[in-house]
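Asks:
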Amino acid sequence: MRYMLLICGSPYPGADDSEDPLDEKTQAWVDEMTARGVRLSGSRLRSAATATTVRHRDGELLVSDGPFAETKEQILGYDLIECADLDEAIEIVSKHPVAKFATIEIRPLWPTPERVS
């Protein structure tokens, strides 16, 4: 089963200005999970100040700057993993270094139906 890991927390000052690679502990986690074949993709996200929100309501397209909700915590990044079950996903998240200062939400993905041509 595929799971989206949503990494949520308070952004740190200068997060959008930093082009630094991942810190050593996070890079080690990425390398281990990639080698295990469970991490499919992932990335840091720029701050919510760079977000654009799109809604379609009553036939009108509404585009606004910023995130959907005003909150102190933001989605800072994500990882897409594939595991046997939720227990394995929890084990993987328990090893993620950012879990020490951020919250990681584990959300199962709906399977994408195969299209027959």
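Numbering (the numbering used here), first residue to last: -17 to 99. By construction, the Cβ of each residue, glycine as well, lies at the ideal position given by its N, Cα and C atoms.
Under 8 Å, with one C-beta from each stretch per pair, do the region 11 to 27 and the region 75 to 87 reach the 3-pair mark?
Replies: Yes: at least three Cβ pairs fall under 8 Å.
Asks: According to DSSP, is residue 87 part of a helix, a strand, or is it coil?
Replies: Reduced to three states, the DSSP call for residue 87 is strand.
Asks: Roughly how far, in whole angstroms, is the beta-carbon of residue -15 from the beta-carbon of residue 95, given that I think they are within contact range, below 8 Å?
Replies: Between residue 95 and residue -15 the Cβ distance is about 19 Å, and since that is not below 8 Å, they are no contact.
Asks: Candidates -10, 76, 99 and 71: which alpha carbon is nearest residue 30's?
Replies: The shortest C-alpha separation from residue 30 is found at -10.
Asks: Spell out the partners DSSP gives residue -14 in its beta bridges.
Replies: DSSP, once it has assigned bridges, lists 62 and 89 as partnering residue -14.
Asks: Over what stretch of residues does the beta strand (DSSP E) that includes residue 39 continue unbroken?
Replies: Where residue 39 is concerned, the enclosing beta strand (DSSP E) stretches over 34 to 39.
Asks: Since residue 63 and residue 20 should fall inside the 8 Å C-beta cutoff, what is the C-beta to C-beta distance between them, to a whole number of angstroms?
Replies: That belief holds up - the Cβ atoms of residue 63 and residue 20 are roughly 5 Å apart, short of 8 Å.
Asks: Excluding the 5 residues preceding and the 5 following residue 44 in the sequence, name in chain order all residues of the same chain whose CB lies nearer than 6 Å to its CB.
Replies: Excluding residues within five positions, the ones whose Cβ falls inside 6 Å are 37.
Asks: Could you spell out where the alpha helix (DSSP H) holding residue 96 opens and where it closes?
Replies: Careful: residue 96 lies outside any alpha helix (DSSP H) and carries neither H nor E.
Asks: The alpha helix (DSSP H) with residue 12 in it runs from where to where?
Replies: From DSSP, the alpha helix (DSSP H) with residue 12 extends over 6 to 18.
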